[in-house]
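A.B. asks: Keeping their order, the protein sequence lines are chains A and U. One point on numbering: in numbering that gives the first Met the number 0, the residue at position 182 of the first sequence is 181, and numbering is uninterrupted. One point on numbering: in numbering that gives the first Met the number 0, the residue at position 46 of the second sequence is 45, and numbering is uninterrupted. The C-beta atom is built at its ideal place from N, Cα and C for all residues, glycine as well.
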Amino acid sequence: MIGVAIISLGALGLLFGGVLAFAAQKFAVEIDPKVQMVQEYLAGANCGACGYAGCAQFAEEVVAGNAPVTGCTPGGSAVSGKIAELMGMAAPEAEARHVAQLVCLGDCAVAKEKFTYHGVPECKAALMFGGGPSACRFGCVGQGTCVRVCPVDAITMSEKGLPIIDKDACISCGKCKNACPRQVIDLINSKTYHYVQCKSQDKGKQVREVCERGCISCGLCVKNCPADAIRMEDNLAIIDSYICTNCGTCVEVCPRNTIA
Amino acid sequence: MSFKTFKGGVHPGHFKSATEKKPVVPARPPTTVAIPMSQHIGAPCDPLVAVGDEVKMGQKIGDSKGFVSAPVHSSVSGKVVKIGMCNHALGRPVQSVFIESDGQDTWHEDVQPNPNYRDLTVDELKKIIREKGIVGMGGATFPTHVKLSPPPDTKIDYVLINAAECEPYLTADHRAMLERPEEIVIGLQLVMKAVNAPMGYIGIEDNKPDAVEVMKKAAEGISNIEVHALHTKYPQGAEKQLISVFTGREVPSGGLPSAVGCVVQNVGTCIAISDAVRFGKPLIERIVTITGSGITEPKNMLVRVGTFIEEVIEQCGGFRPNIKKMVLGGPMMGLAQPGPDNLPVIKGTSGILCLTDVEVNLYEISPCIRCAKCVDVCPVSIMPLFIGASVEQGLYEKAEAYNAMDCIECGCCTYICPAKRPLVQWIRMAKGDIAAKRRK
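(1) Name the DSSP bridge partner or partners of residue 433(U)?
(2) Any contact of the segment 260–276 of chain U with the segment 179–192 of chain U, i.e. 3+ C-beta pairs under 8 Å?
(3) In the DSSP assignment, find the beta strand (DSSP E) that holds residue 326(U) and state where it starts and stops.
(4) What distance in whole Å lies between the Cβ atoms of residue 299(U) and residue 135(U), which are believed to be in contact at a cut-off of 8 Å?
(5) Can you tell me whether DSSP reads residue 5(U) as helix, strand or coil?
(6) CB residue 412(U) to CB residue 366(U), shorter than 8 Å?
(7) Between the alpha carbons of residue 220(U) and residue 229(U), how many angstroms are there, rounded?
(8) At the 8 Å Cβ level, is residue 361(U) part of the contact set with chain A, yes or no?
(9) Between residue 421(U) and chain A, is the shortest Cβ-Cβ distance under 8 Å, so that the two count as touching?
(10) So residue 53(A) contacts chain U; which residues on that side make the cut at Cβ distance below 9 Å?
(11) Counting only Cβ-Cβ distances shorter than 8 Å, please list the residues of the segment 65–90 of chain U near chain A, keeping chain order.
(12) With DSSP as the reference, please indicate the residues paired to residue 354(U) in a beta bridge.
(13) Going by beta-carbon coordinates alone, are residue 426(U) and residue 406(U) separated by less than 8 Å?
(14) Helix, strand or coil for residue 223(U)? Go by DSSP, reduced to three states.
(15) Any Cβ of chain A within less than 8 Å of the Cβ of residue 428(U)?
(16) Run through DSSP, which three-state label would residue 188(A) get?
(17) Please confirm whether residue 124(A) has its beta-carbon closer than 8 Å to some beta-carbon of chain U.
(18) Taking the continuous beta strand (DSSP E) assigned at residue 238(A), which residues delimit it?
(19) By the 10 Å Cβ neighbour count, where 16 or more other Cβ atoms means buried, how is residue 428(U) classified, buried or exposed?
(20) Does residue 195(A) get closer than 8 Å to chain U when you measure Cβ to Cβ?
(21) Does the beta carbon of residue 1(U) sit closer than 8 Å to a beta carbon anywhere in chain A?
(22) Just the chain A side, please: which residues come within less than 7 Å of residue 425(U) by C-beta, in chain order?
(23) Note down, in chain order, every chain A residue with its Cβ under 7 Å from the Cβ of residue 337(U).
(24) Of all the options 232(A), 106(A) and 85(A), which has the alpha carbon lying nearest to the alpha carbon of residue 156(A)?
(25) Closest to residue 61(A) by C-alpha separation, out of 73(A), 75(A), 46(A) and 79(A), would be which residue?
(26) On the DSSP bridge assignment, give the partners of residue 78(U) in chain order.
(27) May I ask you to report which of helix, strand or coil DSSP gives residue 314(U)?
(28) Tell me the residue span of the alpha helix (DSSP H) that contains residue 238(U).
(29) Which one of 15(A), 3(A), 103(A) and 143(A) has the shortest CA to CA distance from residue 211(A)?
Structure representation (structure tokens):
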């Protein structure tokens, strides 16, 4: 009896094996080996910073010529150089690394709160409720949406209610920047030293009422900047990082210590 | 009379004893009012007056061209002092007209009684209801004239009056029934005429036996109006649940009550309709229950729209020192507020709930234990646990696939959740996002 079973199962196995072998030949999908290689070069965080669904799709698009070789920000110039070489292009100029930087100083010690919020711990939910607990209309809401979206856990929440960003761990994917409903996270050129840590477009008097560290648009930094890199826009000082010479004058003159 | 009841629901404590025996007292006429241009669901109004204008009580001061909208009227006579932003119960500042009262309360000439109101045609009725700014007074403030204009080929079989007042603490509707039963019946008759409905029902939860009795007496001898006591269960007064209780019909997902031949109105709205049609009075005042252990003297008050809540609180003896939270509306669906400052009473303010640390408990959110209690109590048969989990991870599309949009935001899931998960709050977040996406 056992012989029949062995023969019949063996025959079935051969039959299906044959079918599979045929299908593998007949319906084989040709993949450009470059896609595989590009994917190996990539950082592999699947963060989506390139604008595609993940590393695999980005690799396909790069090889197809639809995406720039510099698209992978977490990989930086090392990865873009390798991809460019593979694609037979000149290696792109090494761009400065951009890292996420919180541009608000309004923790619970310096910024006033309108009320205590006890709802869903999500910035968007807090804003649905009376415009959020912070008295400043432009400041950090402090519910930690950025902490949760960071794919590499580079953001933690301080006890005072402001996110702390680990710049070495940051892969510049920009997810926190996009998730922040108040847009108080910027991607800042890591070589630039000076930036204004405030986003308030309120007039000086209103800023003084709600925050001890916010920009009061006094204009001292604009007047004193030797390189004319600072301008005042919507009651807020803005430093042009391409002109800034990192002299540090603005940091010294700022009466509110808003510039770092 | 035993009635079928709806599926799901919860039994929160009633907490109505503080105010249910207290007659409605008129609030002190306000010296300054702030009348928001948006007190309803739909397009906000544009102001029809300018700073410096003299206005009279009942004068239309804001209107919109949108169909889903309702005009707003001045609740005092006096002078417009400012048009600007004012805090609003919904949580964001809204354009408002600030009027300083001259203390005379002179009615505007548009406010004329209509002794032959029974002879009005359907179109005239609807026009009056729109012009007088009538909106649903249960709290959702949906413009009433829109509800009374179902698609042309639908036949309305029933008008249901929600007198359940299933929210704990609130007694505004209860007092209205005890004190103005005839007007409710007249309001119901007018609604029935407007939608050409043969039958009207008034549903009252059986924890208000005195109201049931009074309403039965008021409707005596009227063959097409019946008053029924309903099982006391939250959310008995929700539109879709009331329809299911009375008719056994189920409103389809995304549909309106008119799709199953029903129109549902609140008792407060009936009184407002009766006032508007018979006396020409626009909706400029409403009954508000001020209650909770955080208020010195709980009361039911007749408050003008636009009165600052600070003033109302002051007339109730002020807050007790251990006040922790102020909610506009009931505890289940009401909206917590940052504070009473600069916040006017609007058409939908059914209650001002002042809660102390005795009533407000703060819990840590813990992981879902999959007990499915939220599924059991959900009156619209969705699965709040999965929607909540999706929203927590930011997966709004998944939440939409779990029918988040069918949620009526009654709050039963959050109330029952043993893991203290803010389910309805998450669903509300998702609904806002999904609605914004659908508009695009």
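C.D. replies: Answer, in terms of the structure:
(1) In the DSSP output, where bridge partners are listed per residue, residue 433(U) has none listed.
(2) Yes, they touch.
(3) That run of the beta strand (DSSP E) goes 322–327.
(4) A Cβ-Cβ separation of about 20 Å leaves residue 135(U) out of contact with residue 299(U) under the 8 Å criterion.
(5) Looking at residue 5(U) - three-state DSSP - the assignment turns out to be coil, as it is neither helix nor strand.
(6) Between residue 412(U) and residue 366(U), the gap from beta carbon to beta carbon reaches 8 Å or more.
(7) Cα to Cα, residue 220(U) sits roughly 21 Å from residue 229(U).
(8) Output row for residue 361(U): interface = yes.
(9) With 8 Å as the cut-off, residue 421(U) counts as an interface residue toward chain A.
(10) Going along chain U, no residue has its Cβ under 9 Å from residue 53(A), so there is no contact; the nearest lies around 16 Å.
(11) Taking 8 Å as the Cβ-Cβ cut-off against chain A, the residues of the segment 65–90 of chain U that qualify are 86 and 90.
(12) Residue pairing by DSSP places residue 354(U) opposite 324(U) in a beta bridge.
(13) Yes. Within cutoff.
(14) Note: residue 223(U) maps to coil in three-state DSSP.
(15) Chain A places a beta carbon closer than 8 Å to that of residue 428(U), counting this residue as a contact.
(16) For residue 188(A), the three-state secondary structure derived from DSSP is strand.
(17) Judged by the 8 Å Cβ criterion, residue 124(A) is in contact with chain U.
(18) Per DSSP, residue 238(A) belongs to the beta strand (DSSP E) from 235–238.
(19) By the Cβ neighbour-count rule, residue 428(U) is buried, with 16 or more other Cβ atoms within 10 Å of its own.
(20) For residue 195(A), no Cβ of chain U is located within less than 8 Å of the residue's own Cβ.
(21) Per-residue confidence for residue 1(U) stands at a pLDDT of 49, beneath the threshold of 50, marking its modelled position as unreliable; no derived number is given.
(22) Near residue 425(U) (Cβ distances below 7 Å), the residues of chain A are 119.
(23) Contact note: residue 337(U) reaches chain A through 113, 114 and 129, using a C-beta cutoff of 7 Å and chain order.
(24) From the listed residues 232(A), 106(A) and 85(A), the smallest Cα separation to residue 156(A) is found for 106(A).
(25) Between residue 61(A) and the set 73(A), 75(A), 46(A) and 79(A), the nearest pair of CA atoms involves 79(A).
(26) According to DSSP, residue 78(U) bridges with 53(U) and 99(U).
(27) Three-state result, residue 314(U): helix.
(28) Looking at the DSSP string, the run of the alpha helix (DSSP H) that includes residue 238(U) is 238–246.
(29) Distance check between residue 211(A) and each of 15(A), 3(A), 103(A) and 143(A) places 103(A) closest, using alpha-carbon atoms only.
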